[in-house]
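K.L.:
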Ligand SMILES: Nc1ncnc2c1ncn2[C@@H]1O[C@H](COP(=O)(O)OP(=O)(O)OP(=O)(O)O)[C@@H](O)[C@H]1O
Ligand SMILES: [Mg+2]
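Rendered as C-alpha cells:
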C-alpha cells in the first residue's frame, strides 16, 4: 500500500489532469461522491460507466461548463475552479471537447462550423491557411465532400465526425471525447478510433474517452477507469480489467 | 410548482403567494439579465459583425409584416374616424387627427407588438434550441463568450431596429391614411402631409421614438432571457418562445403606460 502511494505521488508531477475527491451533486441527486483520476501526458484513458452515472458531468467539469461542489480538479496543474476568465479561456484553447450530441452550430455550414474556433482565437487571418486547415481536418474524418452542407443535412454519424473535426482543428493538447463512436457503423467507428490513436501518437495528445464501445476501448486505451456509485470503482489496463472477477466490471466486457 | 404538487397544500392563499413569489423571482432574474447586458456591452471584445448581421436579419424579416399591417391600420383608422368628424363638420381635421394618433401611439405600439410576436418568439426559440442542443456550451468551450456573441448582439439589434421599423411603419401608415382620404375626395399628398405636419411637432415625435427604443430593448431582453435559460428539452423551446411573446407584450404596455406619465409630467403634450 505504502509502495503504491509512493508510486502515485511520483507520477502525479507529470499528470496533466488530476482529479481528487471530486464531489458533484445536483440538489439531492449525488452524481460523483469521491472521484479520483489522473491523466498523464500523452495517455489515453477510457472511462466506462452506466448511463447516468456522471461521465458527461465529469468531463464538463474539466472545462468548467459545470461547477463541482468540493474536491480538487487540476488541469495543466491549476485548479479549474480558481481560474480567472482569461486563464480559463487560454486553458480551453488548449483543450478540445467533443459533445455527446455533437452540438454543431445549426445556423452555419460545416465550413463555418470549423472556421469558428479559428476565427474566434485569431489563429490565422490568412484565408488560404484557414482553408487548408479546414480541408486537412475534414479529410481526417473523411468528410471533405460535406464542406458546404448545413448540419441539418447531415446524418447522425456525419454530425459526430464533423463535431470531432471541429474540436480537433485547434490541435488541442488534451481531448475530451464524449462517446465518439456511438451511433457509427463498425467500419467508421474503427476509423475514428484509429484517428484518435494517430492523434495521440503524432501530437502526443492526452485524451479522456467516454465510450461503451469495447473495440474502441481496446484499440485506444492505455488505461480504463470504471465509474460506479460516484467513485472510481476500478482502474487498470484493458487486459487487467478484462481478467477481473468483479461482476460489475465483467459486465462491460461481455 | 412545488406548492401545486403538494397534496397537503392549504389551498388558495398559498397558491397566490406561491405565484407572487414566482413572479418576483422572475422579475429579479430578468433585471439581473438586463444588468449583465449593460456590464458586458461596456467591455471589449465587441461583436460588431454579429450585431450588423442580426440587425439585418431582424429588419429584413419583419419589414413586410410591419409594412402591411401599418398600411391597413392607417387606411382603416382614417375610414373609421371620418364619419364622426363629418358629423361635427370637422372633416378638415382628419389628417391631423389620424397623424397624431399614429405617431404618438398606434404606430409604435402596433409595430412593437408585431415585433414581439415575430422577433421575440424567434429569438426565444432560436436561443432555446441552441441551449438544449448544447451549442451555447460548445461556444463557451471554444473560448467565445456566448452571452456577448449571442445575447448582447441580439439585444443591441432589437434596440436599434425596432425604432427604425416604427419610423418606417409610421410612414407607411400615414400613406395608408392618405389613400383613405383620397378615396373620399381629391387631395394631393403634399396638402395631406402639410396638414399632418402642421399639427405634429418634436414633442410628439421624440417621445415616440424614445419609447420605441425601450420597446425594442424589452423585446430583445425577454426573447434572449427566455431562450438563454431554456430547460427541459425541446418542449422547453416552445415554452420559451411562447413566454417571450407574452412577457414581451406585457412589458410593451407597461412601458407605454410609464411613457405617457412621463411625457405628461414634463408637459410635452
Ligand atoms: N445540468 C444538469 N442539471 C441537473 N442535473 C444534471 C445536469 N447534467 C446532468 N445531470 C444529472 O447528472 C447525472 C449524470 O448525468 P451524465 O450526463 O453525466 O450521465 P452519463 O454518465 O454521461 O450518461 P450517458 O452515458 O447516458 O450519457 C444524471 O442523473 C443527470 O440527471
Ligand atoms: Mg453522457
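Chains as they are written, first to last, in my numbering: chain A, 1 to 254; chain B, 1001 to 1269.
For each residue, glycine too, the CB sits at the ideal point set by N, CA and C.
Note that the coordinates shown come from a computational prediction; the quantities given were computed from them, not determined experimentally.
1. What does the Cβ neighbour count give for residue 1214 of chain B, buried or exposed, with the cut at 16 atoms within 10 Å?
2. Counting only runs that start and end within the region 203-230 of chain A, where is the beta strand (DSSP E) found for 3 or more residues in a row?
3. Using a Cβ-Cβ cut-off of less than 7 Å, list which residues of the region 48-72 of chain A approach chain B; keep chain order.
4. Is the Cβ of residue 1002 of chain B closer than 7 Å to any Cβ of chain A?
5. Regarding residue 167 of chain A and ligand 2, is the C-beta to nearest heavy atom distance less than 6 Å?
6. Sort out for me which residues DSSP pairs residue 70 of chain A with in a bridge.
7. Distance check for residue 200 of chain A and residue 172 of chain A, CA to CA, integer angstroms please.
8. When we look at the beta-carbon of residue 1233 of chain B and count the other beta-carbons within 10 Å, is it buried (16 or more) or exposed?
9. Taking residue 1141 of chain B as the query, report the chain A residues whose CB atoms sit under 7 Å from its CB, ordered along the chain.
10. Measure from the C-beta of residue 177 of chain A to each C-beta in chain B and report whether the shortest distance is under 7 Å.
11. Closest Cβ-Cβ distance between residue 217 of chain A and chain B: below 7 Å?
12. Have a look at residue 1174 of chain B and residue 1113 of chain B and give me their C-alpha separation to the nearest angstrom.
13. Which full runs of the alpha helix (DSSP H) of 4+ residues lie inside the region 90-157 of chain A, going along the chain?
14. So residue 117 of chain A contacts chain B; which residues on that side make the cut at Cβ distance below 8 Å?
15. What do you reckon, is the C-beta of residue 26 of chain A under 6 Å from a heavy atom of ligand 1?
16. For residue 196 of chain A, collect the residues of the same chain with a Cβ closer than 6 Å to its Cβ; drop the 5 residues on either side in sequence, then sort them by chain order.
17. If you scan the region 1053-1117 of chain B from start to end, which runs of the alpha helix (DSSP H) of 4 or more residues do you find wholly inside it?
18. Going by alpha carbons, who is nearest to residue 27 of chain A out of A:69, A:56, A:104 and A:97?
19. Taking DSSP's pairing of strands, which residues face residue 178 of chain A in a bridge?
20. Sort A:175, A:104, A:126 and A:122 by Cα distance to residue 152 of chain A and report the nearest one.
21. In chain order, what residues of the same chain lie with their CB nearer than 6 Å to the CB of residue 1243 of chain B, ignoring the 5 residues before and after it?
22. For residue 192 of chain A, tell me which candidate among A:203, A:204, A:177 and A:106 has the shortest Cα-Cα distance.
23. Please confirm whether any heavy atom of ligand 2 lies closer than 6 Å to the CB of residue 211 of chain A.
24. Just checking residue 102 of chain A against ligand 2 - is the residue's beta carbon closer than 6 Å to any of the ligand's heavy atoms?
25. Counting only runs of 4+ residues fully inside the region 1106-1187 of chain B, write out the alpha helix (DSSP H) ranges in chain order.
26. If the cut is a Cβ gap below 7 Å, which residues of chain A does residue 1138 of chain B touch?
27. When every heavy atom of ligand 2 is checked, does at least one fall within less than 6 Å of the C-beta of residue 275 of chain A?
28. Anyone know if the C-beta pair for residue 225 of chain A and residue 37 of chain A falls short of 7 Å?
29. Return the bridge partner residues of residue 30 of chain A from the DSSP annotation.
30. Rounded to the nearest angstrom, what separates residue 1261 of chain B and residue 1252 of chain B at their Cα positions?
31. For residue 121 of chain A, go through chain B and note every residue whose CB falls closer than 7 Å to its CB, in chain order.
32. Between the Cα of residue 119 of chain A and the Cα atoms of B:1139, B:1115, B:1082 and B:1131, which residue gives the shortest distance?
33. Counting only the same chain and skipping the five closest in sequence on each side, list residues whose C-beta sits under 7 Å from that of residue 1103 of chain B.
34. Could you name the residues of chain B that residue 89 of chain A contacts, counting a contact when the two beta carbons are closer than 8 Å?
35. Who are the Cβ neighbours of residue 99 of chain A in its own chain at under 8 Å, not counting the five residues just before and after it?
P.N.:
According to the structure shown:
1. Buried.
2. Fully enclosed beta strand (DSSP E) runs of no fewer than 3 residues occupy 206-210 and 223-228 of the region 203-230 of chain A, in order along the chain.
3. Identification of residues in the region 48-72 of chain A having a C-beta nearer than 7 Å to some C-beta of chain B yields 63 and 65, given in sequence order.
4. With a pLDDT of 44 at residue 1002 of chain B, under the threshold of 50, the modelled position of that residue is not reliable, and the figure given next carries that caveat. Judged by the 7 Å Cβ criterion, residue 1002 of chain B is not in contact with chain A.
5. Result no, Cβ not under 6 Å from ligand 2.
6. In the DSSP output, where bridge partners are listed per residue, residue 70 of chain A has A:23.
7. One C-alpha to the other measures close to 11 Å.
8. It is exposed - the Cβ of residue 1233 of chain B has fewer than 16 other Cβ atoms within 10 Å.
9. Simply 63, 65, 92 and 97.
10. The C-beta of residue 177 of chain A comes no closer than 7 Å to any C-beta of chain B.
11. With its beta carbon at least 7 Å from every one in chain B, residue 217 of chain A lies outside the interface.
12. Rounded to whole angstroms, the separation of the alpha carbons of residue 1113 of chain B and residue 1174 of chain B is 19 Å.
13. Listed in chain order, the complete alpha helix (DSSP H) runs (minimum 4 residues) inside the region 90-157 of chain A are 110-120 and 127-140.
14. What residue 117 of chain A touches in chain B: 1142 and 1143.
15. Remark: the C-beta of residue 26 of chain A is in contact range of ligand 1, defined as less than 6 Å to any heavy atom.
16. Cβ neighbours of residue 196 of chain A beyond the five flanking positions: 220.
17. Counting only runs of 4 or more, we get 1094-1101 and 1107-1115.
18. Here the closest residue by C-alpha is A:69.
19. Answer is A:210, bridged to residue 178 of chain A.
20. The candidate whose alpha carbon is nearest that of residue 152 of chain A is A:104.
21. Cβ within range, chain order: 1226.
22. Distance from the Cα of residue 192 of chain A is smallest, within the candidate group A:203, A:204, A:177 and A:106, for A:177.
23. Because no heavy atom of ligand 2 lies under 6 Å away, the Cβ of residue 211 of chain A does not count as near it: no.
24. For residue 102 of chain A, the distance from the CB to the nearest heavy atom of ligand 2 is not below 6 Å.
25. Counting only runs of 4+ residues, the alpha helix (DSSP H) found wholly inside the region 1106-1187 of chain B occupies 1107-1115, 1121-1132, 1135-1141 and 1153-1184, in chain order.
26. Those are 99 and 103, listed as they occur along chain A.
27. There is simply no residue 275 of chain A to check, as chain A begins at 1 and stops at 254 in what is shown.
28. Residue 37 of chain A sits close to residue 225 of chain A, with the two beta carbons spaced by under 7 Å.
29. Note: residue 30 of chain A sits in a beta bridge opposite A:25.
30. Rounded to the nearest angstrom, the two C-alpha atoms are 14 Å apart.
31. Ordered by position in chain B, the residues that pass the 7 Å Cβ test against residue 121 of chain A are 1143.
32. Considering only alpha carbons, the answer is B:1139.
33. Around residue 1103 of chain B: 1170, 1200, 1204, 1205 and 1208.
34. Using a Cβ-Cβ cut-off of 8 Å, residue 89 of chain A is close to 1143 of chain B, given in chain order.
35. Setting aside the 5 residues that flank it on each side, residue 99 of chain A is surrounded in the same chain by 163 and 178, each with a C-beta closer than 8 Å to its C-beta; the list follows chain order.
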